[in-house]
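Notes follow the structure.
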Amino acid sequence: MRRIVSKKYLQKVGIKRDMIEKWDKEIKAVGGVKILFFEVQDVLELFSFAALSLGGLLVLTVVGAVNGANILALLSVFIGSAIMFYQYWRSPIESYRESFYKEEELPAALEIFISGLEVGMNTENIMGYIVRTRKGVVRDLLYEAQARIDTGSSLKDALTSAADKSLNDHFKRFVKAVTGEYESVKDMRENLEELLEEVEEKNYNQKIERAAVLDNSLFFPIFLGYFVPILIMFALPFVISLKSFFNLF
């Protein structure tokens with residue numbers, strides 16, 4: 001998509017440089033985001049699309065107002081479009097962040113590292129094992145790190161680059177744990193075990209939260225399907241009695 005805005009322009013309209021860089025990194029980390037039929041690969045393309053969309057909406061608003069359209073309806077279109085734009089943009093990024101917490105992702109990688117250290121494997125060998133035997137975002141990031149190592153990067157630099165791309169705080173801590181300086185392998189293993197417990201606790205809390213949301217979302221259909229018929233059943237004789245009473249007059 002053609003860029004019609006620049007970073008300098010975004011800064012002029014009040015968007016801070018660190019936010020521009022953060023959003024740009026997020027979009028690139030997930031390989032771009034799709035908004036309707038348009039592929040957006042960086043933050044400049046994102047705001048170019050937003051500018052074009054805003055211009056189109058303003059034209060439609062003016063035309064609608066001239067032809068007597070409802071102002072509230074036009075406002076609703078604006079709000080709905082803004083919400084849709086935000087959802088299209090942020091959803092892939094948030095999904096990418098959360099994908100690290102799947103059982104076969106970061107928790108599995110931590111368990112493999114802990115087990116590997118226990119039997120005397122070094123960090124690079126454990127990485128290689130994960131790359132060969134696993135699938136998913138963690139495996140892909142470790143594969144990229146391994147490729148950097150093969151071309152001359154240090155283990156720490158390669159994994160730090162992967163951590164930066166992950167957008168995930170727990171994966172960044174995982175990288176710090178396996179690239180840190182320890183007095184013994186036992187210290188590294190204990191650090192990873194502590195991180196694994198924290199990740200598992202987060203997963204457990206998320207499951208509880210999702211269950212609570214599901215329970216709340218089920219209340220209304222249960223109310224309609226169960227309690228409403230019961231209310232009608234008990235209220236019907238009363239309604240019939242009232243009808244008979246008024247028929248007397």
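Letter 139 of the sequence shown, counting from 1, is numbered 139 in full-length UniProt numbering, and no numbers are missing. We treat Cβ as the ideally placed atom computed from N, Cα and C, and that holds for glycine.
Asked, Found
"What does the alpha-carbon distance come out to for the pair valine 178 and aspartate 157?", "12 Å"
"Evaluate asparagine 205 with the Cβ neighbour count: other Cβ atoms within 10 Å of its Cβ, from every protein chain shown; 16 or more gives buried, anything less gives exposed.", "exposed"
"Roughly how many whole angstroms lie between the Cα atoms of leucine 36 and serine 81?", "11 Å"
"Report the start-end ranges of each alpha helix (DSSP H) in the region 17-62 that is 4 residues or longer and not cut off at the edges.", "17-29"
"With contact counted as at least three CB pairs below 8 Å, one residue from each stretch, are the region 90-105 and the region 161-171 in contact?", "yes"
"Would you decide whether glutamate 105 is buried or exposed? Buried here means 16 or more other CB atoms lie within 10 Å of its CB.", "buried"
"Report the option in Ala50, Met127, Tyr9, Phe174 whose CA atom is closest to the CA atom of methionine 84.", "Ala50"
"Where does valine 13 sit, in a helix, a strand or coil, going by DSSP?", "coil"
"For the pair the region 56-71 and the region 16-25, tell me if three or more CB-CB distances fall below 8 Å.", "no"
"Can you tell me which of Gln11, Leu110, Gly32, Gly68 puts its alpha carbon nearest to the alpha carbon of methionine 188?", "Leu110"
"Below 7 Å CB to CB, which residues in the same chain sit around proline 92 once its five sequence neighbours on both sides are set aside?", "Val30, Val33"
"Take leucine 192 and list the residues in its own chain whose beta-carbon comes closer than 6 Å to its own, dropping the five residues that flank it on each side.", "Leu110, Phe113, Ile114, Ala177"
"Give the straight-line distance between the Cα atoms of isoleucine 126 and serine 6, rounded to the nearest whole angstrom.", "43 Å"
"Beta-carbon separation of valine 131 and leucine 117 under 8 Å?", "no"
"The alpha helix (DSSP H) with asparagine 67 in it runs from where to where?", "Note, asparagine 67: premise wrong, no alpha helix (DSSP H); not H, not E."
"Assuming valine 5 is part of the alpha helix (DSSP H), what are its boundary residues?", "From DSSP, valine 5 is part of no alpha helix (DSSP H); its letter is neither H nor E."
"Are the CB atoms of alanine 162 and alanine 147 nearer to each other than 8 Å?", "no"
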